[in-house]
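A.B. asks:
In the UniProt record's numbering, the protein residues as written are 1 to 239.
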């Protein structure tokens, strides 16, 4: 029997998009591992908001309407609490691991580029420095040790970087819990608050110069996404 050479090949399998409720369940499961009280906390938030709606309904003599209105707010309140607790749990899981700061920086979606590998590593202490580039200039982020030790490592990398970027601003950031250091969970916000000082064209030029410096190849943990608890609005609309 002759084969039909004009037959359309079967369509390749499409990658199924993760629905928002799957993301919520994954965030809940991850959070519960380090925060067993999360279940009772979410229930308390939900019941508390519904109870408040019931009280308001009694006061305005419209119990059914206000009670139905309070349920969506109760769900939103519970999801907000879950998102915050999931963020804390996600950072707790990677704290202390080599490359934790780079994983945290992965939550910055726009305006910055960061090296995937550290640009400098102390072979004895395993302290490391990552480099970022955005309109505020070059930022060097060090992790792994106490403030004096990281300061020396950052200063050495600052001098090496300054030789090739023609006077662009260089910001030094230490990640840790010592005085003067930035806690891991506050690192993305700290970077995003830096004030722009370069144009987009200047950023591109500095980026070309920085490629000559390269990076140190070292395994680092995968990026943390503490905002996974936020629902996909398109998914909520059924798209």
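By construction, the Cβ of each residue, glycine as well, lies at the ideal position given by its N, Cα and C atoms.
Can you check DSSP and say which residues form a bridge with residue 112?
C.D. replies: Within the chain shown, the letter at position 112 stands for residue 112. The partner list for residue 112 (beta bridge, DSSP) reads 134.
A.B. asks: Just the Cα atoms here: how many angstroms apart are residue 30 and residue 96?
C.D. replies: For the purposes of this step, residue 30 is identified with residue 30 of the chain shown, where counting begins at 1. For the purposes of this step, residue 96 is identified with residue 96 of the chain shown, where counting begins at 1. About 18 Å.
A.B. asks: Tell me, to the nearest whole angstrom, how far the beta carbon of residue 278 is from that of residue 144; I am working on the premise that it is less than 8 Å.
C.D. replies: The chain is shown from 1 up to 239; residue 278 falls before or after that span and cannot be answered.
A.B. asks: Considering only the alpha carbon of each residue, which of 73, 86, 58 lies closest to residue 36?
C.D. replies: Here residue 36 refers to the residue found at position 36 when the chain shown is read from its first residue. Checking every option, the nearest Cα to that of residue 36 belongs to 86.
A.B. asks: Between residue 157 and residue 120, is the Cβ-Cβ spacing less than 9 Å?
C.D. replies: As a first step, residue 157 must be located in the chain shown, where it is residue number 157. As a first step, residue 120 must be located in the chain shown, where it is residue number 120. Yes.
A.B. asks: Excluding the 5 residues flanking residue 132 on each side, which residues of the same chain have their C-beta closer than 6 Å to its C-beta?
C.D. replies: One-based indexing of the chain shown puts residue 132 at position 132. Within the same chain, residue 132 has close Cβ partners 112, 114, 139.
A.B. asks: My output table needs one value for residue 121: the three-state DSSP class, helix, strand or coil.
C.D. replies: As a first step, residue 121 must be located in the chain shown, where it is residue number 121. In the three-state reduction of the DSSP assignment, residue 121 falls in the strand class.
A.B. asks: Entirely within the stretch 145 to 192 and at least 3 residues each: give me those beta strand (DSSP E) ranges in chain order.
C.D. replies: 170 to 175
A.B. asks: Beta-carbon within less than 8 Å of residue 82's beta-carbon, same chain only, minus the 5 sequence neighbours each way: which residues are those?
C.D. replies: In the chain shown, residue 82 corresponds to position 82, counting from 1. The beta carbon of residue 82 sits closer than 8 Å to the beta carbons of 24, 27, 28, 31, 38, 42, 229 from its chain, once the five residues preceding and following it are set aside; these are given in chain order.
A.B. asks: Is the stretch 65 to 78 in contact with the stretch 43 to 57, if contact means three or more CB pairs nearer than 8 Å?
C.D. replies: yes
A.B. asks: When burial is assigned at 16 or more other CB atoms within 10 Å of the CB, is residue 175 buried or exposed?
C.D. replies: To locate residue 175, count along the chain shown from 1; it is residue 175. By the neighbour-count rule (16 or more Cβ atoms within 10 Å), residue 175 is buried.
A.B. asks: Report buried or exposed for residue 161, applying the criterion of at least 16 other Cβ atoms within 10 angstroms of its Cβ.
C.D. replies: Within the chain shown, numbered from 1, the residue matching residue 161 stands at position 161. Answer is buried; the Cβ neighbour count reaches 16.
A.B. asks: Could you check how far apart the C-beta atoms of residue 198 and residue 135 are, in whole angstroms? I think they sit under 8 Å.
C.D. replies: The sequence position of residue 198 within the chain shown is 198, counting from 1. The sequence position of residue 135 within the chain shown is 135, counting from 1. Yes, they are in contact, since the Cβ atoms of residue 198 and residue 135 sit about 5 Å apart, within 8 Å.
A.B. asks: May I ask which residues mark the beginning and end of the alpha helix (DSSP H) holding residue 85?
C.D. replies: What you label residue 85 is simply residue 85 of the chain shown in a count that begins at 1. 63 to 94 is the span of the alpha helix (DSSP H), which, as asked, contains residue 85.
A.B. asks: Rounding to the nearest angstrom, what Cα-Cα distance links residue 148 and residue 51 in this structure?
C.D. replies: Along the chain shown, one-based indexing puts residue 148 at 148. Along the chain shown, one-based indexing puts residue 51 at 51. Looking at the two C-alpha atoms, the distance is approximately 53 Å.
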